[in-house]
Amino acid sequence: MDPMKFKRLNIKDERSMVKRWISSPLFKQVLMYCSLGALIGYALFYFGQGGGEPVLWSDKAAENIFIGLGFGVFLSTSPCAGGRCS
Amino acid sequence: MDFQTFIVSFFKDFVSILSEMSPYLLLGFFFAGLLHAFIPKHRIEKYFNGSPFKSSALAALFGIPLPLCSCGVIPTGAAFYKNGASKGGTVSFLISTPQTGVDSMLATFSLMGLPFAIVRPLAALITGITGGMITSRITRNEPNEAKPHGDAQNNKTLLEKIKSVFQYGFVAFIQDISKWLIIGLVLAALISALIPDNFFELLNLSPFLQMLLILAVSIPLYICATGSIPLAAVLILKGISPGAAFVLLMAGPATNAATITMIGKVMGKKSLFAYLGTIIAGALAFGMLIDYALPAQWFTQIADPHLGHQHIGGLSWWQIASGIAMLLLILNGYYQKYRAEKEQAAPAPVINQQTAAQFTFRPVQTKTLSVEGMTCNHCKNSVETNLEKLDFVDRVSVNLGEKTVMLEGAEIDMDKVRDTINGLGYTCK
């Protein structure tokens, strides 16, 4: 019996690359991890301050938020963190 | 103390303890991944036989650095025993492994200092060897039901092993211990915020009585080696004797209701008594040694500069970075678990069974059964690996959330399935 043949169906998304990226699940995941990272960074700044009256904002807070954003991007795009490298 | 002050104090303590532990924990998770990827368990178990001392000593030495939590050690120990390890070697492994691991040794050093970080693995080694030798002696007339099996080959390439280091160390292992780590951190922060300093000194209990009280709580308590560290450190700050804190560090992770049930069921009552007796006696002996024989300042002064309201200059950038990474990894672990469970809960495509039936010309059955005692990824892997070895099973899937095992295959022999699961220390309903 001849092997079955399948015709490949090519369906292309007609939206622009940016729009496709924004609507992708990966973008939502990156956004979620970045928000959480930034939030954790700020919480560590606020509750990790030394003695005296705590301040709400300083350069250190911005630095922590950037570190949180960085880890958010790294973790949400890392294949191992997504369970895709075992 | 008003509510707002309490909340701020709680979070300050939580952040303080977390930031002290995180760098060492991350390093520990990396080592845990390395051990998992490069030292396969089937290579370890062949050393678990021989003379009582040799098998107990080797089992304890292998078990100490292994990153297995108190739940993960149950299926691993049962599998070693079923695959031919002696009872003494298995009990030694079950005693020493959950007490420490590379991650908890580093975390102990970070919060409690070098003396505790040295005494902890030493106690695990001595109690492991002692428990193993006692078990070998009292069970020498019992038949060994274990059946050795051929050495399985580890076919992973170097690249796959490197990937496995990160997948296991920073995802699977964190998924297993994160709940207990968070419980430990929250309890420690609560005690730190609520209980006044030197509270236990005011109770005026003798150190031995404190040890007995902690022991009574620790034996059935289910807490991992890492999760117990912040709790023990804060208890020392609140005035408990370092020996009593050590009893918590040792007996808390080493025993719990699930391990006790598994050892009694799989290895018999004599092994269970040897196991429990060694841990109780060992914890008390090492607690007394710390309180009465070793210099007190080794174990009391070390926690003060690190915890509570002591830090003055704020957190350094590397503590912040590792704290963020740690919390994000914990959240990532929960998110991946949620996604996996969601995918598993989705209805299986009908085409699988239809095509299987068409092309294999045999009826494909699907059976689901409830299993008690599966708590972590180690349990899941152990059950899936052992059931996949059965000839009539094509596919196995464990759902930890619902505590069920789903089997696919032709003419599934449920008695054999139940025997396999029960043999691993779990209970089929």
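Heads up: the protein sequence lines correspond to chains A and B, in order. Per the working numbering: the first sequence ends with 86, consecutive numbering throughout. Per the working numbering: the second sequence ends with 515, consecutive numbering throughout. Here a beta-carbon is modelled for each residue, glycine too, at the ideal position from N, C-alpha and C.
**OP:** Confirm, please, whether the CB-CB distance from P161 of chain B to W404 of chain B is below 8 Å.
**Re:** Translated into the one-based positions of the second sequence, residue 404 of chain B becomes position 318. Translated into the one-based positions of the second sequence, residue 161 of chain B becomes position 75. Against a cut-off of 8 Å, the Cβ pair of P161 of chain B and W404 of chain B comes out as no contact.
**OP:** Can you give me, in chain order, the residues of the stretch 55-75 of chain A that have a beta carbon less than 8 Å from any beta carbon in chain B?
**Re:** K60, E63, N64, I67, G68, F71, G72 and L75
Subject >> E470 of chain B, enclosing alpha helix (DSSP H) - first and last residue >> reply: Here residue 470 of chain B corresponds to residue number 384 of the second sequence, with the count starting at 1. Counting along the chain, the alpha helix (DSSP H) containing E470 of chain B begins and ends at N463 to E474.
**OP:** Note down the Cα distance separating S408 of chain B from S402 of chain B, rounded to an integer number of angstroms.
**Re:** Stepping through the second sequence from its first residue, residue 408 of chain B is reached at position 322. Stepping through the second sequence from its first residue, residue 402 of chain B is reached at position 316. Cα to Cα, S408 of chain B sits roughly 10 Å from S402 of chain B.
Original post:
To which residues of the same chain is L415 of chain B closer than 7 Å at the C-beta, ignoring the five residues directly before and after it?
Top reply: To locate residue 415 of chain B, count along the second sequence from 1; it is residue 329. Answer for L415 of chain B: F256 and I260, listed in chain order.
Subject >> Burial state of D283 of chain B (16 or more Cβ within 10 Å) >> reply: Here residue 283 of chain B refers to the residue found at position 197 when the second sequence is read from its first residue. Per the 10 Å Cβ criterion, exposed.
Subject >> First through last residue of the beta strand (DSSP E) which encompasses L493 of chain B >> reply: Here residue 493 of chain B corresponds to residue number 407 of the second sequence, with the count starting at 1. Note, L493 of chain B: beta strand (DSSP E), T490 to G495.
Subject >> Distance, T513 of chain B Cα to C465 of chain B Cα >> reply: As a first step, residue 465 of chain B is located in the second sequence; it is residue number 379 there, counting from the start. As a first step, residue 513 of chain B is located in the second sequence; it is residue number 427 there, counting from the start. Using only the alpha carbons, I get a separation of about 12 Å.
Subject >> Residue from B:V482, B:V469 and B:E497 with nearest C-alpha to D505 of chain B >> reply: On the second sequence, position 419 is the one that residue 505 of chain B refers to. The candidate whose alpha carbon is nearest that of D505 of chain B is B:V469.
**OP:** Would you check if the stretch 89-99 of chain B and the stretch 267-286 of chain B touch, i.e. whether three or more CB-CB distances between them fall below 8 Å?
**Re:** yes
Original post:
In angstroms, rounded to a whole number, what distance separates the CA positions of V320 of chain B and G136 of chain B?
Top reply: Reading the second sequence from its first residue, position 234 is the one you call residue 320 of chain B. Reading the second sequence from its first residue, position 50 is the one you call residue 136 of chain B. Using only the alpha carbons, I get a separation of about 43 Å.
**OP:** Mark F66 of chain A as exposed unless 16 or more other C-beta atoms lie within 10 angstroms of its C-beta, in which case mark it buried.
**Re:** Counting from 1 along the first sequence, the entry for residue 66 of chain A is found at position 66. F66 of chain A is exposed by the Cβ-count criterion.
Original post:
Which residues, in chain order, does the stretch 26-41 of chain A contribute to contact with chain B at a C-beta distance below 7 Å?
Top reply: Y33, L36, G37, I40 and G41
Subject >> Element boundaries [alpha helix (DSSP H), containing L36 of chain A] >> reply: As a working note, residue 36 of chain A is residue 36 in the first sequence. That run of the alpha helix (DSSP H) goes P25 to F47.
Subject >> Outcome for G497 of chain B when other beta-carbon atoms lying within 10 angstroms are tallied against a minimum of 16 >> reply: The residue labelled residue 497 of chain B in the question sits at position 411 within the second sequence. Looking at the sequence itself, residue 497 of chain B is Glu, so the reference to Gly does not match. So E497 of chain B counts as exposed.
Original post:
Between the stretch 169-178 of chain B and the stretch 478-494 of chain B, are three or more C-beta pairs nearer than 8 Å?
Top reply: no
Subject >> Reduced DSSP secondary structure (H/G/I, E/B, other) of N241 of chain B >> reply: Walking along the second sequence from the start, residue 241 of chain B turns up at place 155. Three-state result, N241 of chain B: coil.
Subject >> Residue nearest to S35 of chain A in terms of C-alpha spacing, selected from A:F74, A:P79, A:G52 and A:R84 >> reply: Counting from 1 along the first sequence, the entry for residue 35 of chain A is found at position 35. Checked all of A:F74, A:P79, A:G52 and A:R84; the closest Cα to S35 of chain A is A:F74.
**OP:** Determine the contact status of T454 of chain B and S357 of chain B, defining contact as a CB-CB distance below 8 Å.
**Re:** For the purposes of this step, residue 454 of chain B is identified with residue 368 of the second sequence, where counting begins at 1. For the purposes of this step, residue 357 of chain B is identified with residue 271 of the second sequence, where counting begins at 1. No. Outside cutoff.
**OP:** Classify N418 of chain B as helix, strand or coil using the three-state DSSP reduction.
**Re:** The count along the second sequence starts at 1 and reaches residue 418 of chain B at position 332. In the structure shown, N418 of chain B sits in a helix (DSSP, three-state: H, G or I).
**OP:** Go ahead and pull the three-state DSSP assignment for K12 of chain A.
**Re:** Taking the first residue of the first sequence as 1, we reach residue 12 of chain A at position 12. Of the three classes helix, strand and coil, the one that applies to K12 of chain A here is coil, per DSSP.
Original post:
So which residues of chain B does L44 of chain A contact, with C-beta pairs closer than 9 Å?
Top reply: Sequence index remark: in the first sequence, residue 44 of chain A carries index 44 (1-based). Within 9 Å Cβ-Cβ: V101, L104, S105, L401, Q405, I406, G409, I410 and L413.
**OP:** Consider the C-beta atom of L111 of chain B and the heavy atoms of the ligand MG; say whether any pair is separated by less than 7 Å.
**Re:** This structure lacks the ligand MG; in fact it carries no ligand of any kind.
Original post:
Which of helix, strand or coil does DSSP assign to S408 of chain B?
Top reply: What you label residue 408 of chain B is simply residue 322 of the second sequence in a count that begins at 1. S408 of chain B: helix per DSSP, three-state reduction.
**OP:** Measure the C-alpha to C-alpha separation of A118 of chain B and I346 of chain B and round it to an integer number of angstroms.
**Re:** Position 32 of the second sequence, counted from the first residue, corresponds to residue 118 of chain B. Position 260 of the second sequence, counted from the first residue, corresponds to residue 346 of chain B. Straight-line Cα distance between these residues: approximately 25 Å.
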